[in-house]
Each structure stands twice: as C-alpha cells, then as structure tokens.
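These protein sequence lines are chains X and Y, in that order.
Note that our numbering has the first sequence beginning at 2, numbered continuously upward.
Note that our numbering has the second sequence beginning at 2, numbered continuously upward.
2 protein chains.
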Amino acid sequence: MVAPKAFLDFIDDHGKELIDRLKEAVAIPSVSGDPARREDVKRMAAWLLEQLGRFGVNAEAVPLGEQIVDGTPSDLDLPPILLGRIGADPKKPTVLIYGHYDVQPAQKSDGWTTEPFELHVDYSNDKMTGRGTTDDKGPVLGWVNVLEAHHALGIELPVNLRFCFEGMEESGCEGLDALVAEEAAKGDQGYFDNVDCICISDTCWLNTNTPGLTYGLRGVAYFHVTISGPGADLHSGFGGSVFEPMTDLIALMSKLVTSDARILIPGIYDGVKPASEEEIELYNKIDFSVADVEQAAGGKIAISDDKATVLMGRMRNPSLSLHGIVGASSGVETKTVIPARVTGKFSLRLVPPQTPEDVKIKVETYLRSEFAKLNTKNTLESIRMEGGSAWVEDYKHYNYEAAKNATEVSRLEHSLVGRLPTHFGGPFASPTSSLQEIWLKTPDFFREGGSIPVTLTFAEKLGKNIVLLPMGRGDDGAHSTNEKVNISNYLQGSKLLGAYLYEVAKLAPKT
Amino acid sequence: MVAPKAFLDFIDDHGKELIDRLKEAVAIPSVSGDPARREDVKRMAAWLLEQLGRFGVNAEAVPLGEQIVDGTPSDLDLPPILLGRIGADPKKPTVLIYGHYDVQPAQKSDGWTTEPFELHVDYSNDKMTGRGTTDDKGPVLGWVNVLEAHHALGIELPVNLRFCFEGMEESGCEGLDALVAEEAAKGDQGYFDNVDCICISDTCWLNTNTPGLTYGLRGVAYFHVTISGPGADLHSGFGGSVFEPMTDLIALMSKLVTSDARILIPGIYDGVKPASEEEIELYNKIDFSVADVEQAAGGKIAISDDKATVLMGRMRNPSLSLHGIVGASSGVETKTVIPARVTGKFSLRLVPPQTPEDVKIKVETYLRSEFAKLNTKNTLESIRMEGGSAWVEDYKHYNYEAAKNATEVSRLEHSLVGRLPTHFGGPFASPTSSLQEIWLKTPDFFREGGSIPVTLTFAEKLGKNIVLLPMGRGDDGAHSTNEKVNISNYLQGSKLLGAYLYEVAKLAPKT
Chain X
2 MVAPKAFLDF IDDHGKELID RLKEAVAIPS VSGDPARRED VKRMAAWLLE QLGRFGVNAE
62 AVPLGEQIVD GTPSDLDLPP ILLGRIGADP KKPTVLIYGH YDVQPAQKSD GWTTEPFELH
122 VDYSNDKMTG RGTTDDKGPV LGWVNVLEAH HALGIELPVN LRFCFEGMEE SGCEGLDALV
182 AEEAAKGDQG YFDNVDCICI SDTCWLNTNT PGLTYGLRGV AYFHVTISGP GADLHSGFGG
242 SVFEPMTDLI ALMSKLVTSD ARILIPGIYD GVKPASEEEI ELYNKIDFSV ADVEQAAGGK
302 IAISDDKATV LMGRMRNPSL SLHGIVGASS GVETKTVIPA RVTGKFSLRL VPPQTPEDVK
362 IKVETYLRSE FAKLNTKNTL ESIRMEGGSA WVEDYKHYNY EAAKNATEVS RLEHSLVGRL
422 PTHFGGPFAS PTSSLQEIWL KTPDFFREGG SIPVTLTFAE KLGKNIVLLP MGRGDDGAHS
482 TNEKVNISNY LQGSKLLGAY LYEVAKLAPK T
Chain Y
2 MVAPKAFLDF IDDHGKELID RLKEAVAIPS VSGDPARRED VKRMAAWLLE QLGRFGVNAE
62 AVPLGEQIVD GTPSDLDLPP ILLGRIGADP KKPTVLIYGH YDVQPAQKSD GWTTEPFELH
122 VDYSNDKMTG RGTTDDKGPV LGWVNVLEAH HALGIELPVN LRFCFEGMEE SGCEGLDALV
182 AEEAAKGDQG YFDNVDCICI SDTCWLNTNT PGLTYGLRGV AYFHVTISGP GADLHSGFGG
242 SVFEPMTDLI ALMSKLVTSD ARILIPGIYD GVKPASEEEI ELYNKIDFSV ADVEQAAGGK
302 IAISDDKATV LMGRMRNPSL SLHGIVGASS GVETKTVIPA RVTGKFSLRL VPPQTPEDVK
362 IKVETYLRSE FAKLNTKNTL ESIRMEGGSA WVEDYKHYNY EAAKNATEVS RLEHSLVGRL
422 PTHFGGPFAS PTSSLQEIWL KTPDFFREGG SIPVTLTFAE KLGKNIVLLP MGRGDDGAHS
482 TNEKVNISNY LQGSKLLGAY LYEVAKLAPK T
C-alpha cells in the first residue's frame, strides 16, 4: 500500500498554500519560556485546534492547570495539550503522532537576519527562515498538510490516527507525563486507544544531505556538587591561611574525565559492551564524516580521526562533560575573591544498561573517596543528581521499516522527485535540482547524543515502538538564530509523513 | 615632644561635634564605582576641601579629566584629587598624609540593619555604623579633627603636613599614579616638597583588641587563561565526540595548587627564604590566634593548627587562589552546555623577591607545558596577567617608632585612657570600660595578605618610609554590609593620629 498519486500531487499543487499555513503559524510567537508570551502560546493552541477540526480530527484542548514556579502553583495557566483522534477502523493500525506547538525564545537582536516571527521564504536558496520552522511547527504542519490533502480529496486515511500536541516542550514538558499516564490508564476510553506505534517528528537529519531515522537517545545524569568552607566570600589576602573550596572543587572535577573523553569513575563502563565489528561497520556506513562533526562543532576538535570512534563517542558510548561552577567569579573582571561555597556542575550522557540511579551511586562513592584524600577542612556539602534514562528502540520493527520505505522514495509508485512546485519558479523547477541527489537515499539509522524526554515518556507509559522521523536537515539550527527549514524538506517532508502512514498500513501485522 | 594635654582634651570635649562631622560625611554617598553617584563623589570632595581650608590647610582640587571606560575617555569626569599643605618650617619634619573620600557601594537591601548612608550611632555598644565609617572617611576625618583642634586652640602643628586625598580608591585609583609622579617630579615646587615620611590610615587592626601597624603587603599576579575549541557553545549531546575546553581548563587549574595551599608551579618559591626561628617567633607573638583566623573566615578551615604557619601563610608566604571561570555555566540551572571558550581566573599573592613579571614567565611556561601533555585539539588561546609588586617596609624606621609610641598611650604624658566623652553617657563614662584593656598595648607589627596599590605608588614615586597606621578594628567590615567604626576608635584614633605627629617631630633626625 503506497501513497496515492492524488495525495502527492495535492502537496505539489498546493505548495504556496501550505507555505502560507506555516507563515501563519510562525507569526504566532508561542514562546513557552516567556510568561509574557503565554497568551500567544494559547492562541497557537487554538489556531492548531481549529486546523485539526477543519480536516476531520476530533480534538480537544485539555487544560493542565497552573504552572508550578519554584515549587508552588503560579497565576500562570499552562498551555493546553491538544488530544485528537481520527479513525476507529479495527482493521487499520493506529498511529500516535506527537509534536509541539511552542517554540524557543527569539529576538531579532540575537543575531537574526530577518524577523524571527515573520516567515522569510527564500526560493532561490530553498530556505524558509523563522522561529519554529523546523522545531516543531514545520513537522506539526506536515501532519496537518497530510490531513488536509486527504480531507480535500475525499481519500480515506490508511491508518487510524491519534494526536498529542503539547505547548511546553521547550520548557520542561510540564504536565505531559501526568496527562499521558492518565490517558494511557483510560485504555479504550482514552485518546490513546489501541495505539500500535508512535511517530515523533521533532528531530533533524544528522547532516544536510542524507535523511535519517533516530532509534536511540542517550540518557543523562546531571550532578551538582557543592563544597563550602568560609562563612562568606573572602578576600584573597586570606590565601595561604585557609582551605579554599575552589581548590578542592577543581581537584574533584579534574578527576572525572580525561581530555580525550575517558571517564575515570570506577565501574562506570560496567555492562556497556565494546562495539562488535558489525556494529562498528554500521557507524562507518553513516553518511557523517569526521569533517561533518567538526563542521557541526565549529572547530577541528574531533576526539579521533577514526569516524566510527567519533560517532560512537557521541551516539553509543557514555560521556562526561563539565558545564561550569556556581558561586565562583564568572565575570571578566579581576575579582580577587576566595568563593565561600561553590557548586560544580557536570553531567554524564548514559547508554544502556546505565541508569541514572546506578551512576549516581558510583559518582557519589568516587567523589566522596577522592574528597577524603584531599584532607581538606572544607565540607562536601551535597551531591545532587537529576537524571533521565537512555532510550534505544528496536529498529527492525515495522515502524522503522515503514519510515525507511517512505524515505526511500524510489520505492514509492510516484517518485517524490521531479514533482516539484514549479509554479514558484526557482531551482525546484529544474530537473537538475539538488533534491534529486537528496531524496533517493536510504536513510541513516543513528542514535543521538542528547536526550528527548518525551520519547521516554511515551516509551514508558505506552510501551509501543517509537520512530523519530525527521523532516528537517542537520543545519536547521533548531534552538539557534536564523532557524530554518528547507522548502523542499517542508513539502517533500509532508509527503514523507503521509507516505509513512501508508507504509505502516502495509507492514503492520493484521489483527 | 608629646601631644599637649589641650589637644587631647579638645577631642574629648568635642566628641559630639566630631561625630557630627562623620555623620555629615557619611550622608554623602560618594560611591566611586557607580557613575550615577559621580556628582556625590565630587560633592564629597568639595565638602572635604572646605573643611581643610577652614582649619588652615592650603588645598586645591586637582581635576583628573575624563574617566577611561573600555580604553577610551568617557563623558564622565573623574573626581578630583585634593592636594594640600600646611606648614613650611625647615626645622620640622614633613609628613605626607594619604586618604580617600570615596566609598564602596551600599544598599540597605544588601543586608544592612540601618541605612548605609545615615550614620547610626550606638553609644551602648560603642559603634557607629555607616558606609565609609572605617574605610576611609573615619580616618580622613581623624586628620581633620587633629587640624581643627590645633586651629581652634591656636597650637602650632609639630610637623609640616602634606595631604593627598583621592576619590577613586575603591575603583582602581584611576589618575593617582600619574598625578603623584607629576607632583613628585616638581620637587620643591610641588605639593610633596621635602616629604620625610608618609602615613596612610586606611587599614584596620588585625583583630578587635590589639592595635596594629602594617609594614608589609603581598603583591599580586592575576591570571586569565583562555582555552577554546568549538565555534559556539555545544549541546552536551556532542559529549564524547569532541575535545571539550572545560575539561582541559579544569585539568590545568587542578595542577596549580594543592588543597593544603602548596603551589605546584616549578621555581615559584625561588628566593623566598624559609622563616628563621626568630621570624617564626615574631609571628607567634602577634595577638591573633588560629581561632581568630577562623572567626574572621567564618569557618574552621585554617590551613594548620600551628599559629605561625597560619599567619605566615597569609602574611609572608606566597599563595595561589582559584577565583572562577568565565564562559562556563554559572547559574543554578541544569544547563547541558559544552562551553566553547572558557577563561580560568586565578591569582598568586606575592612576597619579595617575587615579581609579577618573573612569576608570569614561570606560570606561563608551566601552563604551556602541562597543556601540551593533555594532547588536546583545543587551543590555549591566551595567558594574560595583571600584577602589582609586594611591599615590605623597614619597620625599624622612626616613622614606625613614632606610630608605635603614639599607640602605646602609656608613654604619653596624658593617658588617652580615662579621658572619655562622658557627656554621652554609656560605657565611656565607666572607669571599667573595655577601652582600658585595649589602649595600653604595644601594637602588633604585621604584614597583610592583600595588596594596597597606593602604598606601592608612594613607595615607588617618593621613596620615603610609609607607615600604615590603622584607626579601626579587625571586625569593622570595610567592604561589607554594616560597616562600622567603634566610637572609641574614632575619638581615640583622632588623638592617636595627632600624637603620632608629635612622635615624628620628636624622633625624626634633625636636619
């Protein structure tokens, strides 16, 4: 079961309208991290709810109550989570779609070349610039575009769909965990009835030229280690007469990781298997060179000249990064202070079978033992940890097969290539468009170095296979200035999301 | 030649007026670090100039031009330096007095129990609280009180006096060096003509019960070491695939000093002689216990249980303190950042024969060698140093003998004890006042752990003996909230400054 030509044609024929839809969405500055923008976030929710309803989705905005600030409820209402369903055919598989309609903060003065909340469409460079274009309004509208096409064409969707769109993703996903748990507990009576698999389009390709599928995320264990001594900050005239907390903290922090990224905490690698030849080969196949890593990092600082070593360092091995120190002098001035109480911040990225809890025990034991060796009179006041588990999905599941097939457009009856929105002019009209080189590739299967907590939420609460199916490219700059999505990625990506649903319908086991 | 009874009586009899003078001065918020307060600083200069003139000093306010901000002149005028002279008797020695009329910032909300710019006089606890009471308006007015007494009584001063009062001491002494050099170059035509010795009353006793004289200050070499790698801050998802500047910086910083304050830089102790038995005995005699150090530090963190070790650690040996890091995450939030460019800040306190220039070479050589060992691809971008030399004075000079004699009031014809401003009531009227226990002691001779750049300025430009003769006690809290001076210290201190001039007149070699 492949995506019908009419659907693919619809996207091509309505490119301008679909871009206008994104323009409307970007114009609503739904910044969840800024209380002053909360009404805009809610306005965005209402706008999206209306779009879903217009194309046949039975959706509602579920209120989440007041935002918790510093441990107590504030006067500020959380933006709602939109839950929706369309289709209840027991012969079709049911796919749950997650996305978010809130965005990161942005101001032109941060270094944007155009207004961040005005979509700037640059046909000649195949780019649409604006906050949220790739994270995550573009992908969310990709789903809406799929819905519109089927609604307008009167074509039945190949699967039952369930939607969960939140408005606090960029601000800690407050309220999501509880609501997902609540809906999951409702079983057939809730919005997540009979979900067979889950698709999240909220990541990007690893690079700029090969589509990718993410099947793993590292976990995180973030530590705050506090050492104190004097009653207040001292003038450094005291130096030499007292034990200084900074000296002890720097000593501890220096014992965590080597320059070449080897973690020094005893037992930290327990259970993390060395990569097999076969696994190393997988990483060597990924279309992402050491030069690509260095380009992404903005410096020639790759940990090795060996590609698999670099990629495994980021994707499949644990790492430890030192983030900074609270309570020390952090300005450029020559402040001769002996800080009284300093907190070192560092975190480990975790991979299975590491768990934050297990890592916490090992880190704490090690730090206390190293601290004892210092023979200092300062106090190791506290070791605090916040953590999230790693997630690695079974990428041989039909959910991945479907995403892979949809990405390899050559397997579609109607190639996505060549059917370009010619009415715009620009490179899309050209048969030599770079799109031809992009879109016919097998996607990279990769794990990401970071964490996406919502993935864990759904994995834990629903226990279903999740695929992270990206729309945008590796250089989109999700949280940065001049965030963009390529026009080609938005339009072809809308086809991709639709095509994915047809592939799921084809591959999911019949019930 | 001892201070005449009439002078001492005058201070006792006019205690209330002298306190009112301090009240007026404290009420002018002459915060040099706050451009918004610049007019107040100038108002303070005008007020002080008027006081000096009123009591016979030939003084002028020397303009210093515009303040330099970020390397270029700003619209902000520097406050003037007040230069003054009284007396030109070739048979008398000439004493140069330095003080400053600007103060540190202060706001009640910082934790003050009373308004910082309203003098709060608490007779029952012998305290006057307010910004500048001890640093340095109290001592400056001590000199004015001496002038007033002699002027009112028609008594000739025992020495020729020269004054240099500045208004930028709390903000880097901008303009002072150049002006002092200029005046010094004028010889007999300048304000520093025929200066025999110098007195600076801008420090405090080491403790709260024994007067002290400071004869040495450590120098400083402040380092900024910058390491960079990525083009911009990275998400810690990159961790494990790149060299991280923080890891390298923490490694370098951890190699500078041990927890128990031993500096690890090769050659750093070259030329610093181990203390002789005799010298150790000097430190053991100082009225300042390990418990006092820990009380001052606000924690039981003294580097040793041996008193001389602790005091020498602060006063006569070099030390190294780690101050902080620029460019890393310094807030309490769990920010998963890999900082792109970090600058470690640390400083050494220096003692003779160490010089900032020599120390810079040793530190730089060591850091570059240790950095090379890390085998990192990050860049050691720069090692920047700002320094000031140490200062150790000949404390067997008559200038110190004079200050010591004036402090040991038992040697004065008219004991300072017992002649208390009884018209206030309170503990001063009592013959069992704690003052009796304080004032009859031989002062501690000590070196300070910190630096006072103006001392170096005068030492280098004029080449005369300088005594640091404190008015206030060790718990005055010069730069802190609730800065205070004891009423007894202000009034007896005014007598002390006057008595010091008589002792100089007695002890200085006749010309």
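Note that beta-carbon positions come from the ideal geometry of N, C-alpha and C, so glycine has one too.
Residue i, buried or exposed, once every other Cβ within 10 Å from all chains shown has been counted against 16
i          : result
Ser-452(Y) : buried
Leu-417(Y) : Residue placement at Leu-417(Y) is poorly supported in this model, since its pLDDT is 42, which falls under 50; the coordinates are not used for a value here.
Lys-109(Y) : exposed
Thr-204(Y) : buried
Leu-502(Y) : buried
Thr-95(Y)  : buried
Arg-86(X)  : buried
Asp-71(X)  : exposed
Ala-373(Y) : exposed
Gln-190(X) : exposed
Pro-64(Y)  : exposed
Val-181(Y) : buried
Asp-271(X) : exposed
Leu-265(X) : exposed
Ile-302(X) : buried
Ser-125(Y) : exposed
For residue j and residue i, the rounded distance between their alpha carbons
i          : j          : result
Asp-197(Y) : Lys-465(Y) : 6 Å
Ala-185(Y) : Tyr-99(Y)  : 14 Å
Met-45(X)  : Glu-171(X) : 14 Å
Ile-287(X) : Gln-68(Y)  : 59 Å
Gly-173(X) : Leu-498(X) : 26 Å
Gly-17(Y)  : Tyr-396(Y) : Here residue 17(Y) turns out to be Lys, not Gly, going by the sequence shown. Roughly 35 Å separates the two Cα atoms.
Lys-346(Y) : Leu-23(X)  : 47 Å
8 Å Cβ cutoff, residue i in contact with chain Y
i          : result
Ala-500(X) : no
Ser-383(X) : no
Asp-261(X) : yes
Val-360(X) : no
Asn-400(X) : no
Thr-456(X) : no
Thr-408(X) : no
Thr-227(X) : no
Cβ of residue i within 8 Å of any chain X Cβ
i          : result
Cys-505(Y) : The displayed chain sequence assigns Val, not Cys, to residue 505(Y). No, its Cβ sits nowhere closer than 8 Å to a Cβ of chain X.
Pro-340(Y) : yes
Glu-365(Y) : no
Glu-371(Y) : no
Glu-387(Y) : yes
His-415(Y) : Below a pLDDT of 50, predicted positions are generally treated as unreliable, and His-415(Y), at 37, falls in that range; the measurement from the model is reported next regardless. No, because no Cβ of chain X sits closer than 8 Å to the Cβ of His-415(Y).
Asn-483(Y) : no
Leu-375(Y) : yes
Ser-75(Y)  : no
Asn-379(Y) : yes
Taking any Cβ of chain Y, which residues in the stretch 91-110 of chain X have a Cβ under 9 Å from it, in chain order?
none
Along the stretch 291-311 of chain X, where does the CB come closer than 7 Å to a CB of chain Y? Name the residues.
Val-294, Ala-298, Gly-299, Gly-300, Lys-301, Ile-302, Ala-303, Ile-304 and Val-311
Sequence ranges, beta strand (DSSP E) only - wholly within the stretch 9-68 of chain X, length at least 3:
59-63
Report the residue ranges of all alpha helix (DSSP H) runs contained in full by the stretch 153-235 of chain Y; include only those spanning at least 4 residues, in chain order.
Fully contained in the stretch 153-235 of chain Y are the following alpha helix (DSSP H) runs of length 4 or more, in chain order: 177-186.
4-residue-minimum alpha helix (DSSP H) runs that sit fully inside the stretch 71-130 of chain X, ordered along the chain
none
Could you name the residues of the stretch 267-290 of chain Y whose beta carbon sits closer than 8 Å to any beta carbon of chain X, in the order they occur along the chain?
Of all residues in the stretch 267-290 of chain Y, none has a Cβ within less than 8 Å of some Cβ in chain X.
To be precise: take each residue of the stretch 230-257 of chain Y, compare its Cβ to all Cβ atoms of chain X, and keep it if any distance is under 7 Å. Which residues remain?
Along the stretch 230-257 of chain Y, going in chain order, the ones with a CB nearer than 7 Å to a CB of chain X are Gly-230, Pro-231, Gly-232, Ala-233, Leu-235, His-236, Ser-237, Gly-238, Phe-239, Gly-240, Gly-241, Ser-242, Val-243, Phe-244, Glu-245, Met-247, Thr-248, Asp-249, Ile-251, Ala-252, Met-254 and Ser-255.
Give me the subset of the stretch 51-73 of chain Y whose CB atoms are less than 8 Å from a CB atom of chain X, sorted by chain position.
For the stretch 51-73 of chain Y, which is checked against every Cβ of chain X, not one residue is closer than 8 Å.
Could you tell me which whole beta strand (DSSP E) segments of length 3 or greater appear in the stretch 369-395 of chain X?
380-389
Scan the stretch 441-453 of chain Y for residues whose Cβ lies nearer than 9 Å to a Cβ of chain X and list them as they occur along the chain.
Glu-449, Gly-450, Gly-451 and Ser-452
Got a sec: which bits of the stretch 321-333 of chain Y sit with their beta carbon under 9 Å from any beta carbon on chain X, in order along the chain?
Leu-321, Ser-322, Leu-323, His-324, Gly-325, Ile-326, Val-327, Gly-328, Ala-329, Ser-330, Ser-331, Gly-332 and Val-333
Taking only runs that begin and end inside the stretch 304-382 of chain X, name each unbroken alpha helix (DSSP H) of 4 or more residues, in chain order.
308-316 and 357-375
May I ask you to list, following chain order, the residues of the stretch 212-224 of chain Y that have a beta carbon less than 8 Å from some beta carbon of chain X?
Contacts with chain X (Cβ-Cβ distance below 8 Å) from the stretch 212-224 of chain Y involve Arg-219, Val-221 and Tyr-223, listed in chain order.
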